[in-house]
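In UniProt numbering, the protein residues as written are 1 to 235.
Ideal Cβ positions, reconstructed from N, Cα and C, are used throughout, including at glycine.
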């Protein structure tokens with residue numbers, strides 16, 4: 001009768017038997033590599049669907065203007081979005097960039113914020129297209145929380161004049177007063193946005209609005225902007 005020692009599988013010369021723990025580590029590493037490869041394939045699917053062929057979406061072509069609102073915390077982005085929404089009534093909608101990117105992350109199963117700016121822009125476009133399909137009666141959209149330079153630059157290159165970037169400028173003291181929070185909190189938020197390129201967004205903006213004065217001044221500036229945009233569209 002063979003003993004348990006003689007029944008054991010012989011290993012090639014120079015190779016040691018794997019312990020159960022090292023076997024488990026090997027499996028974990030292999031699975032991790034497979035998941036990473038899968039994520040890259042999914043990201044490339046988004047990428048190839050929208051770029052470099054460009055945007056060919058009849059749904060988005062129905063939209064007259066997408067206003068991307070940029071600026072630091074408490075500068076007045078929400079106020080501007082609300083004024084644009086009121087000006088367009090039921091044909092306008094207020095949106096947040098994070099809404100589309102978070103949805104894309106959930107659908108794809110990984111964090112799209114970790115992708116390049118171009119791929120984040122592609123994911124955002126998919127979300128905008130789906131939203132426009134479900135809300136066919138809309139002609140104007142506003143997107144708030146635009147402070148990542150790489151993704152908004154890519155989005156601008158995709159959409160061209162359809163995307164109008166509005167940068168709202170307000171000094172720190174006024175923003176601090178509006179926030180009602182400690183200065184350190186505002187400075188932390190500003191630092192985070194600067195790290196994402198928020199200041200560079202101002203350089204590429206189609207319009208810069210000074211919001212250091214009264215609300216009436218902001219409303220007047222925005223009214224002039226909307227009228228100019230309507231004229232350019234032939235409305």
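In terms of alpha-carbon separation, which member of the options lies closest to residue i?
{"i": "residue 158", "options": "118, 215, 72", "result": "118"}
{"i": "residue 88", "options": "234, 181, 232, 137", "result": "137"}
{"i": "residue 79", "options": "124, 196, 214", "result": "214"}
{"i": "residue 200", "options": "107, 152, 128, 129", "result": "152"}
{"i": "residue 90", "options": "135, 231, 219", "result": "135"}
{"i": "residue 196", "options": "219, 116, 171, 172", "result": "116"}
Evaluate residue i with the Cβ neighbour count: other Cβ atoms within 10 Å of its Cβ, from every protein chain shown; 16 or more gives buried, anything less gives exposed.
{"i": "residue 147", "result": "buried"}
{"i": "residue 154", "result": "buried"}
{"i": "residue 228", "result": "exposed"}
{"i": "residue 222", "result": "buried"}
{"i": "residue 191", "result": "exposed"}
Suppose you measure from the CA of residue i to the CA of residue j; what does that come to, to the nearest Å?
{"i": "residue 126", "j": "residue 133", "result": "11 Å"}
{"i": "residue 122", "j": "residue 203", "result": "22 Å"}
{"i": "residue 64", "j": "residue 162", "result": "7 Å"}
{"i": "residue 67", "j": "residue 184", "result": "30 Å"}
{"i": "residue 150", "j": "residue 164", "result": "16 Å"}
{"i": "residue 211", "j": "residue 205", "result": "15 Å"}
{"i": "residue 130", "j": "residue 160", "result": "19 Å"}
{"i": "residue 98", "j": "residue 189", "result": "16 Å"}
{"i": "residue 62", "j": "residue 216", "result": "32 Å"}
Within the same chain, show all residues whose beta-carbon is closer than 7 Å to that of residue i, passing over the 5 residues directly before and after it, in chain order.
{"i": "residue 193", "result": "72, 147"}
{"i": "residue 81", "result": "69, 94, 142, 144"}
{"i": "residue 45", "result": "Summary for residue 45: the model assigns pLDDT 48, below 50, so the residue's position carries little reliability; its value from the coordinates is reported in the next sentence. Hits under 7 Å: none found."}
{"i": "residue 6", "result": "Summary for residue 6: the model assigns pLDDT 45, below 50, so the residue's position carries little reliability, and this model does not support an answer."}
If I measure Cβ to Cβ from residue i and keep anything under 6 Å in the same chain, skipping five residues before and after, which residues do I get?
{"i": "residue 92", "result": "85, 140"}
{"i": "residue 74", "result": "175, 178, 179"}
{"i": "residue 111", "result": "105"}
{"i": "residue 198", "result": "147"}
Can you give the beta carbon distance from residue i to residue j, rounded, assuming they're within the 8 Å contact cut?
{"i": "residue 168", "j": "residue 77", "result": "6 Å"}
{"i": "residue 186", "j": "residue 174", "result": "No, residue 186 and residue 174 are not in contact; Cβ-Cβ is about 11 Å, not under 8 Å."}
{"i": "residue 60", "j": "residue 128", "result": "6 Å"}
Excluding the 5 residues preceding and the 5 following residue i in the sequence, name in chain order all residues of the same chain whose CB lies nearer than 8 Å to its CB.
{"i": "residue 113", "result": "101, 105, 120"}
{"i": "residue 225", "result": "166, 207, 209"}
{"i": "residue 233", "result": "64, 65"}
{"i": "residue 218", "result": "76, 79, 80, 83, 209, 211"}
{"i": "residue 231", "result": "none"}
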